[in-house]
Amino acid sequence: MNLIKRINFASPSRFSLILVAGVFIGGMASATSQTSDKEEFVDPKDVEVIEVKGKVNKNSGFFLRKIQRTELDFFRRFNDLADNKKFKVKCRKESFINSRIKKTVCYPQYALDRMYKETQQALRQQMPKPTMKDIEDLTVDERNESFAYMEKVIKKDPELTELMIKMRKAQLEYEQWKAQ
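Sequential numbering of the sequence shown, starting at 16, is according to this note's numbering.
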């Protein structure tokens, strides 16, 4: 007991804990040195090579993530090239009502502006909030104008054309997978 007081430990249990930890670490060190002495060398001729061939099970998530990735790449490049702010595309994560699951959605700026105006008007008149389907119906002219502008920008840039082709290929792969 005098030894414990002289070492200045608060309690004998702390001393025994340190002692056990030291023994454990020492035992581990000696065990690793013993196993390294017993290594055996195998002749390369005796090694058997096993090749596993198989088909990757692609589910709908695989294809949907691929479509999403190609769409985001396409819209990033399009936004870099687009001069007209009205036609730039904004992508964001949205969750469904009463759900934590988020989905990436992309909307052109003109649709977001129209949604803002219609929402403000609905709040002033105490009417229901408009949906994106309502906004699509209200912005038919802007949508046609946007498609014409997008076509013009795509024709100017070969990299954007390539990204659009990749996006369409990903969509076709998904449709073919669904048909199987």
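Backbone N, C-alpha and C fix where the C-beta goes; we use that ideal spot for every residue, glycine too. Because the structure is a prediction, the values reported are computed rather than measured.
Exercise. Considering only residues of the same chain and omitting the five flanking positions on each side of Lys-81, which have a CB-CB separation below 6 Å?
Worked result: Taking the first residue of the sequence shown as 1, we reach residue 81 at position 66. Closer than 6 Å at the Cβ level, and outside the excluded window around Lys-81, lie Ala-185.
For this session: Take every Cβ of the segment 95-109, pair it with every Cβ of the segment 166-173, and state whether three or more of those distances are shorter than 8 Å.
Result: For the pair of segments examined, the segment 95-109 was found to touch the segment 166-173: the number of CB pairs separated by less than 8 Å reaches three.
Exercise. Once you ignore the five residues that flank Ile-65 on each side, which residues in its own chain have a CB closer than 8 Å to its CB?
Worked result: The count along the sequence shown starts at 1 and reaches residue 65 at position 50. So no residue of the chain qualifies.
For this session: Keeping to the same chain, check which residues put their C-beta closer than 8 Å to that of Glu-2; ignore five residues upstream and five downstream.
Result: Because the chain is modelled from 16 through 195, residue 2 falls outside the range shown and cannot be assessed.
Problem set entry | Start-to-end residues for the alpha helix (DSSP H) that takes in Arg-158 | Within the sequence shown, numbered from 1, the residue matching residue 158 stands at position 143. First-last of the alpha helix (DSSP H) with Arg-158: 155-171.
Exercise. In three-state DSSP terms, what is Lys-184?
Worked result: One-based indexing of the sequence shown puts residue 184 at position 169. Note: Lys-184 maps to helix in three-state DSSP.
Exercise. Three-state secondary structure (DSSP) at Arg-115?
Worked result: Position 100 of the sequence shown, counting from 1, holds the residue named residue 115. Arg-115 sits in coil when the DSSP states are folded into three classes, being neither helix nor strand.
Exercise. Over what stretch of residues does the alpha helix (DSSP H) that includes Glu-109 continue unbroken?
Worked result: Looking up residue 109 in the sequence shown gives position 94. Per DSSP, Glu-109 belongs to no alpha helix (DSSP H); it is in the beta strand (DSSP E), 104-110.
For this session: Provide the residue span of the alpha helix (DSSP H) that contains Ala-126, from first to last.
Result: Numbered from its first residue, the sequence shown carries residue 126 at position 111. It spans 124-139 - the alpha helix (DSSP H) in which Ala-126 sits, taken as one unbroken run.
For this session: Could you tell me the distance, in whole angstroms, from the CA atom of Asp-156 to the CA atom of Val-67?
Result: As a first step, residue 156 is located in the sequence shown; it is residue number 141 there, counting from the start. As a first step, residue 67 is located in the sequence shown; it is residue number 52 there, counting from the start. Rounded to whole angstroms, Asp-156 to Val-67 spans 56 Å at the Cα level.
For this session: Evaluate contact between the segment 102-115 and the segment 129-138, counting only Cβ atoms and requiring at least three cross-stretch pairs below 8 Å.
Result: no
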